[in-house]
Every structure is written in C-alpha cells, then in structure tokens.
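Chains as they are written, first to last, in the numbering used here: chain A, 1 to 238; chain B, 1 to 492. Glycine is no exception: its CB is placed at the ideal position from the N, C-alpha and C atoms. Take a look at the structure below.
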C-alpha cells in the first residue's frame, strides 16, 4: 500500500464534528506524512454518497438533530459498511458509537435505528457525563493508558459481539457505573473520548495506521508526550 | 447604588464576593438589610468587613434568612449550599432577582439586553454609547444620556446589580447577558429591546448543546411579546429564536460560521444556503428580509437610510456588531447619524483591541473564545506587523475541553512562527505541530511575549488567559501570572 496515497475518510464533518473530532483525521494524515507516506483526507459531506474504497475512516460527535441526519445518510449510502466488511479500519467517536449501533434513544425518548456495525444500544442516562477520562486499554497492540474528554448523555450497553476498548480508571465511559469505555468489533474501534482522541493517544493512531500500511517506525513528538503527562495527571472536576 | 425599602429589616446571606456579590452586599446594607457573607478567599472577605457579618454559610443555621444570594459563578447543581438552603426553606436567588424585587421602587428605566456567543461585550459597549446620544428630547424632559452598562467582558459575574446601580439615575441600561441567563434576566427587567447576535459552539462542557440554548432563548422571549427583538437574520439559530416574536427588527449582521446550523433548529432537516439566503427543507422557515445591513463603506437602514460608517475597531464582524447596536438605539429613538458616529468611536472594549507597551514590545490584544470567534480573530491578526503569541487556558469559564482547538484553522499561520502560551499551551503546541506551524512553547504569557524579537506582538488569548494577561500588563508585566486564577467568586 505504501507506494500509493493513503486516503483517510472524514465522514460527515458537516454534521458529526461538534467537538474537534476532525482533528483525528489530521493526526492520522500527519503521522503518515512524517514517515514519508503520501496521505490525504477525503471529506464526505451530506451532499456526497459515502465511498467504500477509502483506506480508513473517522467519524466524530454530533448533537441530536445532526446525529439523525448522519444516521439516515449512512444507511442510505452504505459505503462505510462495505468498507468495514472488507476490514478497513473505522474510528468512531462519541455520538458515532451510537450511530453505528443497532439503535439509540434520543434525549426526548425517540428510538432511532442505527447503522448496525456495532453490537450495542444506547439510551439516555439521568445526567450528562462530562469530564476528563483515563482508561486502561483491553485490546492487543495497545499498552499505554488512554486519555480523553467525555461529554455525553447517552449510555451505551454492549452486546456479546462487541468488546470494550478499555477499562475506565477515572470518568464514566460508556455508561456511568459500568467501568468500561468504547467498543471494538471487527475493524471498528469506538470510544467516547474527545480531545481529539488521537492527538492524546498516538499509540491508537499508529495501531489504526499499521492496519493499513503495515508496521510503522516509531514517531516520538516531545510535545505529545508532554500533553499526555499533563492530561493523564489532570483531575476530573465535579 | 440601588437602595430599596423592600430590603429594610430583612436578613440575607451572600455567597461569593466577586463583583456581583460585593454589589449585592453593598446594595442590601445600604437598604437597611443585615447581611452575612462568605467567600473562600480571605481578601474577598476583607472587602466586606465592617459591612457584613463574615461566616461560612455551610456552618450557619439559615432559618430566618430571607434568601441566599449566590454568585453566578457558583455551580448550584453540585454545591452543598443548595441542600443547606433547601433544608432551611430559604430560597437561593441571584442578584438579578434582588433587582427584580427592588424594581417597582426604582424610577422608570428602559433596558437593552445583548446576548449571543460572540460580540456581546463589544455590542453592549456600542449600544450603551449609541444610547448615550439620546438627549433632552426624552419624555418628561428628563435627560437620559447616562447609560448604565456592564460591558466588562465578564457577563456571567459582572453583577447586574452593580451595572444597574447607575440605572437608578440613568433611566437607560445596556446589559450583556449570558445566553442561558436571558429568560430570568428578561423576567426580572422586562427589557425594551433584546439584541440577538449569533449562536455557535462554545464551551460545550459548561454551557451545553447549541440547540438547547436556542430553545431556551425562544421560550424566554415568548414570555415578553412587547419586547423588540433586534436579531441577526444571517444566523440561523438566532433567527429561529426570534422568529415567533411579534416585534422583530431583522439585521443582516453577517455569519461566517455555519458549521453549527447545518440542520434546521425547527425541523431537524437540512438548511440549504444560496449566497446570503438560506431556507429550511423541513418547514416554512427561511431568512427574513433585513431592515438593516452594511457593506465595507456604509450602513443601511429602513426608509432608504444610508450613512457612511468607519469604525475604530477592526474586522467585518465588528461592522455587524455596530449595525445591530445602531438598530437597537434607533429603535429607542436615537438619531441614526448620531448613533453611527457614537459606535464608530468605540476603540477598546475591556482591554480588547488595545495596544500596550511592555518594555521593548508593543502588544495588541485580541480575545477569542470558541471556533467562530477564533475564525474572526485570526482574520484580524496582522501577521506582517510582528510576532504572534497565542495563549490558551482551560479553566471552568473557558471550558475545560479544548478539543475545539482542532476546529480552528491554525494552518492559517503556516508561514508565520507562533509562540504557544497559557496553562493549556501544550494542547495548543500539539495542535500547531500537527498543523505544520513553526512554534515554540512558553507557558507564561508575559515570558512568551518577551521571547519575541523587540517590536510589535499580536496576542490572541481565550477568556481567562486574556483576563490574566490584561491585568498583568496593567501592572507593567509584573506579577504572578502563571499562578493567578481568574477573578471569579470563589466559594466551593
């Protein structure tokens, strides 16, 4: 793959980019370019069908109305599902977890059918869970703690086919009290962590990239290491 | 100072002694009430010594108190005072409710409220200045040119009582109001005019989602049908908030940030944009025809009004703010030409836009708090003029979640080295690194400025970073900048 340009799909940034999650695609592209790969971001908006031929995909958070528009679009143009079926990595953040599940209930109680890539469902929690999160990854290939900022009302429950991404050390994760964050199923990795997630967790970025281009040489960025030290030590307020 | 016989002989507790709490203590004591006050900061308690009894309200029996006045900065949803007050059957109120109680005993006055994500302080300052042109031609021959205002860039705890203290004699007030506070402020002061500027994502961890804010504004305005709403029809969300009001003055004040209104706030369907026009595909909701608009040279208004407008403040966004301020003042009877002249002279708002000298550096200060504000601020940064310092904090008033840094197009500085500063300077440095922007990281903002070559420095900072730096520069650059917290009522 390395000889051609790696194409990173930024899925529906016009409706699913509320919390800077578009940054994940920038981190992926730059971590490839710094190692000599050609890479580009392909933004897929509500005016485009979703292509199935990109190398990996990222999806971000959204508010209720926007989340519903995104869900409808992804079901109408199932390029993402086709790409996942052939093993293309997909990173789904926050509301995107809910969109990729079987269904989610909005804060007003309405049940919306999801894309069905992930064996999970989401219902509103009594209170929004907001704050810094630290978690311990549970999947092979990740050894460093994950850091991020969560801000969601929906509480997600995994089915048997989806495994958690991480055990929560501090914060709520999928649902307050359950002690786990995110979901991993097939080539899809999902988490409630903003920050953006990959800016704070370069090991996860490189894990996703290695599934596209093979093993990567290390890329140490002092400021990223410093950011991790600062955020992993930051207390959760409230 | 507001004094009112309604407070005489009553007992109040005041929690949090920043500007708002202090003004409440002074107004209550001057009105003949007895006050018990507390703030976790000793120097704040010292400021009310001799006026109020000092005691920690959490160890006090609150039975018999008329109310607990709580600073807007106190998080009531998780502060123990909420349960203590409830147990004693004492209501928790804000300074605005105090004002509402005193209102019927005060001389008549008219209030203009200004709200929106960005431009509140600037537009409030411009509105106050424009209202100041209302002269002796007012009813009853009163001279109304004194205008009370809180345009200090600290709308949450600026203290509406402190601002309205001047309204006792002024008869006119221009108040910047936090978006979520609009309903209860409107209920308390029954504003003559509400100015709606723009809504976009801002401090999502503190304020909440944007559609909820629009609904809150819409519901609040519905209770005040006689209020004239001066609304920006280029902003989909503000248009929705104003759409059902019987008296709306539509202003094309501009809207460069459409990313938070791809979906219709009234139907959830897509908003289609066609040049400056927009419409919803889900319901009968479209851009109204503006009565006021502007271009690079002029301001235009009803009945063919056209006047040259040259502002002291930079940026297209401020021309939009000025147009809304003029429209608000004209609604209350100001002469358009006088109002335009007044807003044109505004050259600094609570330290923003001003240039100060710091040793061998001249420093121009810009404030930006969220992606839409940054987009505007970056367009005002003069990269040819000298160096660029960007300072970012993540305190509660800023929002602790700085993910929005990735919604800002810092690739703008790809040919210009930037010094990253502030308590969360590392977050910014990582963002700049991935944007391919050459940068250094100096957390202390004063040291960041002095690290630049002598000459001009453009500084962009977010909320508490701006307040800290503004205060430190006011002291000639001396002071414990790195350790200083923002000036808010502390009570937890």
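- Each of B:382, B:328, B:418, B:95 was checked against the Cα of residue 227 of chain B, and the nearest Cα belongs to B:328.
- Where residue 15 of chain B is concerned, the enclosing beta strand (DSSP E) starts and stops at 11-15.
- Boundaries of the alpha helix (DSSP H) around residue 431 of chain B: 425-434.
- C-alpha of residue 6 of chain A to C-alpha of residue 17 of chain B: approximately 57 angstroms in a straight line.
- For residue 68 of chain A, the nearest beta carbon of chain B is closer than 8 angstroms to its own beta carbon.
- Closer than 8 angstroms to the CB of residue 287 of chain B there is not a single CB belonging to chain A.
- The Cβ atoms of residue 33 of chain A and residue 216 of chain A do not sit closer than 8 angstroms to each other.
- By the Cβ criterion, the segment 282-295 of chain B is not in contact with the segment 79-91 of chain A, since fewer than three pairs of Cβ atoms, one from each stretch, lie closer than 8 angstroms.
- Under DSSP, residue 286 of chain B takes part in a beta bridge, and its partners are B:279.
- Within chain A, the C-beta atoms nearer than 8 angstroms to that of residue 434 of chain B come from 23, 26, 27, 30, 199, in chain order.
- When the beta-carbon positions are compared, residue 143 of chain A and residue 169 of chain A stay at least 8 angstroms from each other.
- At a cut-off of 8 angstroms between beta-carbon atoms, residue 231 of chain B makes no contact with chain A.
- Residue 375 of chain B sits in a helix when the DSSP states are folded into three classes.
- Across the set B:469, B:298, B:350, B:332, the C-alpha of B:350 shows the shortest separation from the C-alpha of residue 150 of chain B.
- Counted as a single uninterrupted DSSP element, the alpha helix (DSSP H) harbouring residue 202 of chain A occupies residues 202-213.
- Counting every other CB atom within 10 Å of its CB across the protein chains shown gives residue 104 of chain B a total below 16, marking it as exposed.
- Flagged as an interface residue toward chain B: residue 196 of chain A, by a C-beta distance shorter than 8 angstroms.
- Close to residue 221 of chain A, with beta-carbon spacing below 8 angstroms, are these residues of chain B in chain order: 430, 433.
- When C-beta atoms of the segment 222-236 of chain B are compared with those of the segment 177-196 of chain B, three or more pairs fall below 8 angstroms, so the two segments count as touching.
- Three or more Cβ pairs closer than 8 angstroms define a contact, and the segment 397-404 of chain B falls short of that threshold against the segment 181-190 of chain A.
- Using beta-carbon distances, residue 64 of chain A counts as an interface residue toward chain B, with a partner under 8 angstroms.
- Rounded to the nearest angstrom, the gap between the Cα atoms of residue 126 of chain B and residue 251 of chain B is 16 angstroms.
- Counted as a single uninterrupted DSSP element, the beta strand (DSSP E) harbouring residue 91 of chain A occupies residues 90-93.
- Nearest Cα to residue 123 of chain B within the set B:70, B:188, B:197, B:53: B:197.
- Boundaries of the beta strand (DSSP E) around residue 131 of chain A: 120-137.
- At a beta-carbon threshold of 8 angstroms, the residues of chain A lying near residue 404 of chain B are 19, 20, ordered along the chain.
- Interface criterion met: the Cβ of residue 230 of chain A is under 8 angstroms from a Cβ in chain B.
- By the rule that beta-carbons nearer than 8 angstroms mark a contact, residue 226 of chain A touches chain B.
- Here residue 64 of chain A is near residue 106 of chain A, since their CB atoms are less than 8 angstroms apart.
- Non-local beta-carbon contacts of residue 177 of chain B in its own chain, meaning distances under 6 angstroms to residues more than five positions away in sequence, involve 113, 115, 185 in chain order.
- At a cut-off of 8 angstroms between C-beta atoms, residue 441 of chain B counts as an interface residue with respect to chain A.
- The criterion of a C-beta distance shorter than 8 angstroms is satisfied by residue 224 of chain A and residue 202 of chain A.
- In the same chain as residue 33 of chain B, and ignoring 5 residues on each side of it, the C-beta atoms closer than 6 angstroms to its own belong to 7, 10, 12, in chain order.
- Contact residues of the segment 42-57 of chain A toward chain B are 46 (C-beta to C-beta distance below 8 angstroms).
- For residue 26 of chain B, the enclosing alpha helix (DSSP H) starts and ends at 19-30.
- Taking a C-beta distance under 8 angstroms as the contact criterion, residue 437 of chain B and residue 410 of chain B qualify as a contact pair.
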